[in-house]
Amino acid sequence: MFDEYPADLHIHTCLSPCADDEMNPINILNMAKLQGTKILGICDHNSAKNIGAMLEAAKKYDILVIPGMEVQSAEEVHLICLFESLKEILEMQEFVYKNLPKVENEPSIFGRQLIVDAQGRVIKEERQMLLTSTMLTVEQISAKVSRLNGIFIPAHIDKRSFSLLGQLGFIPEGLDIKAVEFSRNIGEADFKKRYKINSSYTLITNSDAHWLIEMVFQKTFFYLKSLSFGELVMALEGKNGRGVIVKEG
51 MFDEYPADLH
61 IHTCLSPCAD
71 DEMNPINILN
81 MAKLQGTKIL
91 GICDHNSAKN
101 IGAMLEAAKK
111 YDILVIPGME
121 VQSAEEVHLI
131 CLFESLKEIL
141 EMQEFVYKNL
151 PKVENEPSIF
161 GRQLIVDAQG
171 RVIKEERQML
181 LTSTMLTVEQ
191 ISAKVSRLNG
201 IFIPAHIDKR
211 SFSLLGQLGF
221 IPEGLDIKAV
231 EFSRNIGEAD
241 FKKRYKINSS
251 YTLITNSDAH
261 WLIEMVFQKT
271 FFYLKSLSFG
281 ELVMALEGKN
291 GRGVIVKEG
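Here this note's numbering is used: position 117 in the sequence shown is 167, and no number is missing along the way.
Here's what the structure looks like:
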């Protein structure tokens, strides 16, 4: 017997300079609770320094928080990378930081990059500029995620900028893609008509929330036996009766 779990696998915290300062663990989890969302993917730009706080805060909620990151490739493609635990995401963060240009963030131009605790209290600001491309190719990022047994999802693939189709014009072969994300700006039916991609790809949509109000755009539902990362992977792969659908309206 499978239960239905509403999910949003692409949410930013206040660590992302383009996100609102109110995007802290408690506020995000409380909004998810109000929405009935059961699975959250936390994906800040090129960093995971608020993941520990999110996981700690989530212990008081019946919500599965998936450690993640939205990595920007050398080709300026945004890629959602999700992992089972803090251990894997921190290894991914080390890999990404080694391949980021050593440039300091300018908060007055790009926004603050807030590192917070589980209660949302600001600990410090991240000085490394996050809103930039890494020196890693799409293929290198996909390969690293695979080695860490993670989930690799090209982000908002229908957008003209910062997407695989927008930057490259095609989906390269050999990528270990678990799903393809289309943005909240287009419905699934219109996406399928407009973009002729391989029908074998699992399609999902997420809020890509940078503000709390954007978390209301929640349309992806997983059918799982229990709330776990392993079940999520099986659903994305369509294995053992698990699955995922997008509901319109």
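For glycine and all other residues, C-beta sits at the position ideal for the given N, C-alpha and C. As the structure is a computational prediction, the values presented were derived from the model and not from experiment.
Quiz item: Are T302 and F232 touching if we call contact CB-CB under 8 Å?
Solution: The chain is shown only over 51 to 299; residue 302 falls outside these bounds and no answer can be derived.
Self-check item: Rounded Cβ spacing between T187 and E238 (contact assumed at less than 8 Å)
Solution: The Cβ separation is near 29 Å, so there is no contact.
Quiz item: If H95 sits next to L180, beta carbons under 8 Å apart, how far is it from one beta carbon to the other, in whole angstroms?
Solution: 5 Å
Quiz prompt | Buried/exposed call for K110, threshold 16 Cβ in 10 Å | solution = It counts as exposed.
Quiz item: Hey, out of N77, I89, L65, whose CA is closest to A98's CA?
Solution: Of N77, I89, L65, the residue nearest in Cα terms is L65.
Exercise. Taking only the alpha-carbon atoms, compute the straight-line gap between K147 and M51 and give it to the nearest angstrom.
Key: For clarity, residue 147 is Tyr in the given sequence; the question names Lys instead. Y147 and M51: Cα-Cα distance of roughly 42 Å.
Practice problem: Using three-state DSSP, classify K137 as helix, strand or coil. | Solution: Per DSSP, reduced to three states, the secondary structure at K137 is helical.
Quiz prompt | Chain-order list of residues whose beta-carbon lies under 6 Å from that of L214 (same chain, five-residue window excluded) | solution = V127, P204, I207, I221
Quiz item: By Cβ distance below 8 Å, which residues in the same chain neighbour S257 in space, the five residues on each side in sequence not counted?
Solution: D58, H60, I61, R234, E264, M265, V266, F267, Q268
Practice problem: In angstroms with no decimal places, state the Cα-to-Cα distance between E189 and L225. | Solution: 6 Å
Quiz item: Can you give the Cα-Cα distance for A275 and V296, rounded to whole angstroms?
Solution: What sits at residue 275 in the sequence shown is Lys, not Ala. Whole-angstrom Cα-Cα distance: 18 Å.
Self-check item: Beta bridge counterpart(s) of K152 as assigned by DSSP
Solution: For K152, no pairing in a beta bridge is given by DSSP.
Exercise. Determine the direct distance from the alpha carbon of L282 to that of L129, and round the result to whole angstroms.
Key: Distance between the alpha carbons of L129 and L282: 18 Å.
Quiz item: Is V121 helix, strand or coil by DSSP?
Solution: strand
Exercise. Confirm, please, whether the CB-CB distance from K137 to L277 is below 8 Å.
Key: no
Quiz item: According to the neighbour-count rule (16 or more other Cβ atoms, all chains shown, within 10 Å of its Cβ), is G170 buried or exposed?
Solution: A residue is called buried once 16 or more other Cβ atoms fall within 10 Å of its Cβ, and G170 is buried on that count.
Quiz prompt | Contacting residues, own chain, Cβ-Cβ under 7 Å from R177 (five flanking each side not counted) | solution = E154, N155
Quiz item: What separation, rounded to the nearest whole angstrom, lies between the Cα atoms of Q122 and G291?
Solution: 33 Å
Quiz item: Excluding sequence positions up to five away, which residues of its chain have a Cβ less than 7 Å from the Cβ of D167?
Solution: A103, I173
Exercise. Please indicate yes or no: does the CB of G288 lie closer than 7 Å to some heavy atom of the ligand SAH?
Key: No copy of the ligand SAH occurs in the structure displayed, which carries no ligand at all.
Quiz item: What are the boundary residues of the alpha helix (DSSP H) that includes V195?
Solution: It spans 188-197 - the alpha helix (DSSP H) in which V195 sits, taken as one unbroken run.
Quiz item: From the DSSP output, which residues share a beta bridge with T270?
Solution: A57, V296
Quiz item: Straight-line CA distance for Y158 to W261?
Solution: Position check: residue 158 holds Ser in this sequence, whereas Tyr was assumed. Between S158 and W261, the C-alpha separation is close to 19 Å.
Quiz item: Helix or strand or just coil, what does DSSP make of G216?
Solution: helix
Quiz item: Looking only at DSSP bridge pairs, what is C20 linked to?
Solution: No statement about residue 20 is possible, as the shown extent of the chain runs from 51 to 299 and does not include it.
Self-check item: Alpha carbon of E72 to alpha carbon of N80, nearest angstrom
Solution: 12 Å
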